Amino acid sequence: MIADDHPLLRSGITAVLTANPRFSVVCQAEDGISAVELHRRWRPDVTLMDLQMPGMNGIEATRTIRQLDPEARVVILTTFAGDVQVTRALKAGAVGYLLKNTAPEALGDCIVSVHAGRRALPPVVAASLVDSFQLDALSKREVEVLRLVSGGNSNQRVAAQLGLREDTIKAHMKAILQKLDARDRTHAVMIAIRRGYWEN
Numbered sequence: 001m002i003a004d005d006h007p008l009l010r011s012g013i014t015a016v017l018t019a020n021p022r023f024s025v026v027c028q029a030e031d032g033i034s035a036v037e038l039h040r041r042w043r044p045d046v047t048l049m050d051l052q053m054p055g056m057n058g059i060e061a062t063r064t065i066r067q068l069d070p071e072a073r074v075v076i077l078t079t080f081a082g083d084v085q086v087t088r089a090l091k092a093g094a095v096g097y098l099l100k101n102t103a104p105e106a107l108g109d110c111i112v113s114v115h116a117g118r119r120a121l122p123p124v125v126a127a128s129l130v131d132s133f134q135l136d137a138l139s140k141r142e143v144e145v146l147r148l149v150s151g152g153n154s155n156q157r158v159a160a161q162l163g164l165r166e167d168t169i170k171a172h173m174k175a176i177l178q179k180l181d182a183r184d185r186t187h188a189v190m191i192a193i194r195r196g197y198w199e200n
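Numbering-wise, the sequence shown is residues 1 to 200 according to UniProt numbering.
Laid out in structure tokens, this is it:
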């Protein structure tokens, strides 16, 4: 199964896979909700799942599919290489994580590998995961603060929106800068987006 909200991309992947006699695309989903329903109906051997889709994102869909079918083999296929997204996907039950610039041959190898019971993480993704072990993770509140800061809000406005004191926001920002080893607020936002705390 291919789950992606871009019809052209679904068509392209389908064309690549069906050109190989080893593969058959049994269904296509345009969002996470239909991916769950189609998986329930078709029980595909391997699912290629986009991360960002309307209604239900790929991580939620992966988690739901794995609850329905613990043997489901889901590979995330996305443009996001950040370690936070990779970690979330693996925790949700994904067995592979590929970037959309992956060569067709590598995509085929990945499908065969995960179908055989192995995991599939390309070197660039594995490297981001290894690097993340040396980095401090932001707390949920710190991510919330930084997202509001990324919108150009001052500490005072962030405090008002979250119902906190301005001193508390300053303390959060100090911790964020230290954890991300960032020079300033803008640098911290750039690092957080690159690591996949949220998508720009």
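Even for Gly, the Cβ is constructed at its ideal location relative to N, Cα and C. Values in this document were obtained by computation on a predicted structure and should not be read as measured data.
- Note that the C-beta distance between residue 113 and residue 120 is below 7 Å.
- About 15 Å separates the CB atoms of residue 159 and residue 176; that is not less than 8 Å, and the two are not in contact.
- Taking the Cα positions, residue 24 is about 22 Å away from residue 61.
- For residue 173, there is no enclosing beta strand (DSSP E); the enclosing alpha helix (DSSP H) has its first and last residue at 166-180.
- In the displayed model, residue 96 falls within a strand according to three-state DSSP.
- DSSP places residue 48 in the uninterrupted beta strand (DSSP E) bounded by 47-49.
- Cβ atoms of residue 5 and residue 50 come within 8 Å of each other, at about 7 Å.
- In the structure shown, the three-state DSSP call for residue 86 is helix.
- With three or more CB-CB distances shorter than 8 Å, the stretch 191-199 counts as touching the stretch 143-150.
- With contacts defined by Cβ atoms closer than 7 Å, residue 89 and residue 59 form a contacting pair.
- Taking the CA atoms as reference points, residue 37 sits about 10 Å from residue 68.
- Here the C-alpha atom of residue 167 lies approximately 12 Å from the C-alpha atom of residue 154.
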